[in-house]
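Single-structure report; data block below.
Numbering (our numbering), first residue to last: 1265 to 1519.
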């Protein structure tokens, strides 16, 4: 039986992606919009959110609202988003937003600001939850509802997809849906590639995402504890990829 995982990729000689202008490295900036889509009993969830916060040792509160956890996420919508919006728009830097559909629906002002700035609004799923134990049928239903709600909120269907906390079926389900230009639920390469496993009808473009050049590491063990550390990591990563690109092997960097 053929081993399902692909350890080969592009191998020793990756292709030239031919970035616009002959660039040595393509940099993608991603803003995740999850505020209002996280676990909360107000959303019909069994417990409060426990993932990625400044609360040390946070645990889900079954059947209860967690006021502090909710307010931490509200900060992202009320203050953090607008700071990032000003930063990127003033610098004229294009941005991709991975927007949780239910979060976008609860933040019309932020959605309008994204659209006015010309940001790409890709889908980050229906809710910001873990799909590892979901059946393929349940996950597919949420995927379809995410597309519907995204269209209702933004006026257009999403053409990019990133779940985050996936199941083993996520990429296949997105590919089978057939309407996405790309999916980013992998971390396995430094170049885009085509996914054609699992019996999909046509190859699906994959643009790998990152968990290392990612500010979520401010809330994880052995992550960043200062802005200087984050900047140094990003600079070192960019310099390495740029040098490889200059030597004839252009790369991609997600932040």
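From the three backbone atoms N, C-alpha and C, an ideal C-beta is built for every residue, glycine too.
So what does DSSP say about residue 1387, is it helix, strand or coil? Collapsing the DSSP output to three states places residue 1387 in a strand.
In whole angstroms, what is the alpha-carbon distance linking residue 1429 and residue 1326? Spanning the two alpha carbons is a distance of roughly 20 Å.
Looking at the strands, I want to know which residues DSSP matches up with residue 1493. According to DSSP, residue 1493 shares a beta bridge with no other residue.
Taking residue 1469 as part of the beta strand (DSSP E), name the residues at either end of that continuous run. Residues 1468-1470.
What's the C-alpha gap between residue 1278 and residue 1512? If you take the alpha carbons of residue 1278 and residue 1512, they lie about 10 Å apart.
For residue 1356, which of helix, strand or coil comes out of DSSP? DSSP places residue 1356 in coil when its eight states are reduced to three.
What is the rounded straight-line gap between the Cα of residue 1484 and the Cα of residue 1461? Rounded to the nearest angstrom, the two C-alpha atoms are 32 Å apart.
When the Cβ atoms of the stretch 1435-1452 are set against those of the stretch 1407-1427, are three or more pairs found closer than 8 Å? A contact exists between the stretch 1435-1452 and the stretch 1407-1427.
Is residue 1370 near residue 1300, with beta carbons less than 7 Å apart? A contact, by the Cβ cut-off of 7 Å.
Start-to-end residues for the beta strand (DSSP E) that takes in residue 1473: Unbroken run through residue 1473: none, as it is neither H nor E.
Tell me which same chain residues have a C-beta within less than 6 Å of the C-beta of residue 1363, skipping the five on either side of it? Around residue 1363: 1297, 1385, 1388.
Closest to residue 1295 by C-alpha separation, out of 1449, 1478, 1373, would be which residue? When the alpha-carbon of residue 1295 is set against those of 1449, 1478, 1373, the nearest one is in 1478.
Based on DSSP bridge pairs, tell me the residues matched to residue 1292. Paired residues: 1518.
Closest residue to residue 1357 among 1342, 1378, 1474, 1373 (Cα-Cα distance): It is 1378.
The alpha helix (DSSP H) with residue 1274 in it runs from where to where? First-last for residue 1274: undefined, no H or E at that position.
Extent of the continuous alpha helix (DSSP H) run through residue 1331: Per DSSP, the continuous alpha helix (DSSP H) segment holding residue 1331 begins and ends at 1331-1339.
What is the rounded straight-line gap between the Cα of residue 1420 and the Cα of residue 1336? Between residue 1420 and residue 1336, the alpha-carbon positions lie close to 30 Å from each other.
Sheet register partners of residue 1361 (DSSP bridge): Answer is 1295, 1385.
Alpha carbon to alpha carbon, how far is residue 1480 from residue 1353? Give it in angstroms, no decimals. Here the alpha carbons of residue 1480 and residue 1353 stand approximately 22 Å from one another.
For residue 1457, which residues of its own chain have a beta-carbon under 6 Å away from its beta-carbon, when the five flanking residues on both sides are left out? The beta carbon of residue 1457 lies closer than 6 Å to those of 1470 in the same chain, with the five residues before and after it left out.
DSSP bridge partner residues for residue 1446 (one or two, in chain order): Per DSSP, 1424.
Go ahead and label residue 1427 buried or exposed: buried means 16 or more other beta carbons lie within 10 angstroms of its beta carbon, across all protein chains shown. Classification of residue 1427: buried, given that the 10 Å Cβ count is 16 or more.
Is the beta carbon of residue 1293 sitting closer than 7 Å to the one on residue 1359? Yes, these two residues count as a Cβ contact at 7 Å.
Which residues mark the beginning and the end of the alpha helix (DSSP H) in which residue 1415 is found? Looking at the DSSP string, the run of the alpha helix (DSSP H) that includes residue 1415 is 1400-1418.
I'd like to confirm the pairing. Which residues does DSSP put opposite residue 1311 in its beta bridges? BP columns for residue 1311 point to 1326.
Could you check if residue 1303 is buried or exposed, using at least 16 other CB atoms within 10 Å of its CB as the buried criterion? In this structure residue 1303 is buried. Its beta-carbon is surrounded by 16 or more other beta-carbon atoms within 10 angstroms.
State buried or exposed for residue 1403, treating a residue as buried only when at least 16 other CB atoms are found within 10 Å of its CB. Taking all protein chains in view, the Cβ of residue 1403 is crowded by 16 or more other Cβ atoms within 10 Å, so the residue is classified as buried.
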